[in-house]
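Remarks on the structure that follows.
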Amino acid sequence: MSMNLDDLHKKLIAVARANPPSDHVPYAFEKRILARLPSLPAPDEWAGWVRALWCSAGVCAAIAIMLGVWTTLPANEPELGASFCHDLEQTILVSTDGEPNW
Amino acid sequence: MRMATEPSDAEVIAAVLRGDIPRFEELIARHTSRVFATARRYARRESEVEDIVQEVWIKAYQRLATFRGEAPFEHWLMRLAVRTCYDFLREHQRSREATFTDLTTPENDWLERVMASPEDSDEESDAARKLVGRVLDMLSPAARLIITLLEIEDRSVKEISQLTGWSISLVKVRAFRARAEMKKCLRRIAQDKYL
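Put into structure tokens, the structure is as follows:
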């Protein structure tokens with residue numbers, strides 16, 4: 000017997016459509032849910048904002064620490080900075096200093 | 000149908016957020032039947048269905064402050080319900096290696112009638128319903144969700160994207176894979192039965 004899989008697929012979907020699940024609600028189901036709510040933290044209108052602010056505060060602190068470390072690291076090597084400034088100054092001002100040597 | 004004097008969902012939600020927790024019961028009473036119908040599409044045992052619905056309402060309560068009121072509460076709730084059902088399917092993924100050799104006699108008879116004459120077979124029979132359940136149980140969670148929403152509930156790709164939180168292109172890709180997966184299951188029926 001040959002079988003068309005597409006036909007079978009369509010038929011099974013048609014069966015599922017023709018038999019929607021029941022929407023019956025068990026007796027006193029609302030009461031059961033309600034009884035559980037007091038043990039949960041109350042919904043807070045500002046909870047989302049507080050959570051977001053805490054997250055962003057963490058990110059800001061991390062960025063501040065990174066920037067702090069970055070800016071203080073070169074300060075640990077003052078000779079390098081001073082030497083660089085000195086070399087730069089000499090290079091720029093070399094043409095104006097003293098007599099021409101040609 | 001809701002009476003004109005009955006407070007709207009938004010009013011009830013505002014009251015709950017102000018601390019009037021018992022009014023949450025009004026929301027449950029109004030919308031829980033739809034949540035039950037949705038949960039019964041994905042779970043067979045009634046205890047599992049009740050667990051899913053309970054989880055949906057607890058999530059709804061805990062996240063009530065995030066409901067902005069831009070869309071009806073029911074849409075927001077159904078998004079929660081569908082995502083909870085998907086989590087349930089992933090957690091309770093049953094063995095999908097079952098074969099169709101253990102089909103019952105009525106299921107076999109129905110299948111033979113469909114193959115002989117698809118137009119004349121009965122769509123309301125218990126055997127047909129059980130066979131659909133078996134095929135859906137064999138699908139992966141994502142495939143089952145997509146087949147249910149797209150083909151059985153006849154929802155659009157955009158609606159499914161909103162319900163699941165998947166992008167439109169991901170829904171399309173998963174729909175393609177789900178149909179292929181379902182076809183593979185049906186081919187196995189054919190092989191088990193006729194080869």
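Those protein sequence lines, which keep their order, are chains P and E.
To convert, note that position 9 of the first sequence is 8 in numbering that gives the first Met the number 0; the numbers rise steadily by one, no gaps.
To convert, note that position 121 of the second sequence is 120 in numbering that gives the first Met the number 0; the numbers rise steadily by one, no gaps.
Beta carbons: idealized from backbone N, C-alpha and C, even for Gly.
Roughly how many angstroms separate the alpha carbons of Ser1 of chain P and Phe87 of chain E, rounded to a whole number?
Because the pLDDT at Ser1 of chain P is just 47, under 50, the model does not fix this residue reliably, and the value given afterwards should be weighed accordingly. Going by the C-alpha atoms only, they are around 37 Å apart.
Length of the line joining the Cα atoms of Ala13 of chain P and Arg43 of chain E:
19 Å
Which ranges does the beta strand (DSSP E) cover as unbroken runs of at least 3 residues, wholly within the segment 155 to 191 of chain E, from first to last along the chain?
none
Which residues, taken in chain order from the segment 139 to 156 of chain E, show a beta carbon closer than 7 Å to some beta carbon of chain P?
Glu150, Ile151
With DSSP as the reference, label His74 of chain E as helix, strand or coil.
helix
Under the rule that 16 or more other beta-carbon atoms within 10 Å means buried, what is Trp165 of chain E, buried or exposed?
buried
Run of the alpha helix (DSSP H) containing Tyr26 of chain P, from where it starts to where it stops:
Run containing Tyr26 of chain P: none; DSSP gives neither H nor E here.
Roughly how many angstroms separate the alpha carbons of Leu144 of chain E and Tyr85 of chain E, rounded to a whole number?
7 Å
I'd like the span of the alpha helix (DSSP H) that includes Asn107 of chain E, first residue to last.
104 to 115
Return no unless some Cβ of chain E is closer than 8 Å to the Cβ of Ala107 of chain P.
Absent from the structure is residue 107 of chain P, since the part of chain P shown begins at 0 and ends at 101.
Quick one: does Pro6 of chain E have its CB under 8 Å from some CB of chain P?
no
For Phe72 of chain E and Ala14 of chain E, the rounded distance between their alpha carbons:
14 Å
Buried or exposed: His91 of chain E, going by 16 or more other Cβ atoms within 10 Å of its Cβ?
exposed
Taking only runs that begin and end inside the segment 14 to 80 of chain E, name each unbroken alpha helix (DSSP H) of 4 or more residues, in chain order.
23 to 41, 45 to 61
Beta-carbon neighbours of Arg35 of chain P, restricted to chain E and to distances below 7 Å
Ile57
Any chain E beta carbon closer than 8 Å to Val49 of chain P
no
Amino acids of chain P, ordered along the chain, whose beta-carbon sits closer than 9 Å to that of Glu106 of chain E
Those do not exist, as Glu106 of chain E stays about 12 Å from chain P at its closest Cβ, beyond 9 Å.
is_contact[Leu4 of chain P, chain E] using C-beta, thresh 8 Å:
yes
Which term fits Glu106 of chain E, buried or exposed, when burial requires 16 or more other beta carbons within 10 angstroms of its beta carbon?
buried
Which term fits Cys59 of chain P, buried or exposed, when burial requires 16 or more other beta carbons within 10 angstroms of its beta carbon?
exposed
Using a beta-carbon distance below 8 Å, is Glu69 of chain E in contact with chain A?
Structure shown: chain A not included; protein chains present are P and E.
Mind pulling the chain E residues with CB within less than 9 Å of Ala27 of chain P?
The premise fails here: Ala27 of chain P is roughly 11 Å from chain E at the closest Cβ pair, so nothing lies under 9 Å.
With a threshold of 16 other CB atoms inside 10 Å of the CB of Met65 of chain P, please say whether the residue is buried or exposed.
exposed
Ser21 of chain P CB to nearest chain E CB: under 8 Å?
yes
Report the rounded CA-to-CA distance for Ser124 of chain E versus Ala115 of chain E, giving the unit in angstroms.
17 Å
For Asp50 of chain E, which of E:Tyr60, E:Ala59, E:Ala38 has the nearest alpha-carbon?
E:Ala38
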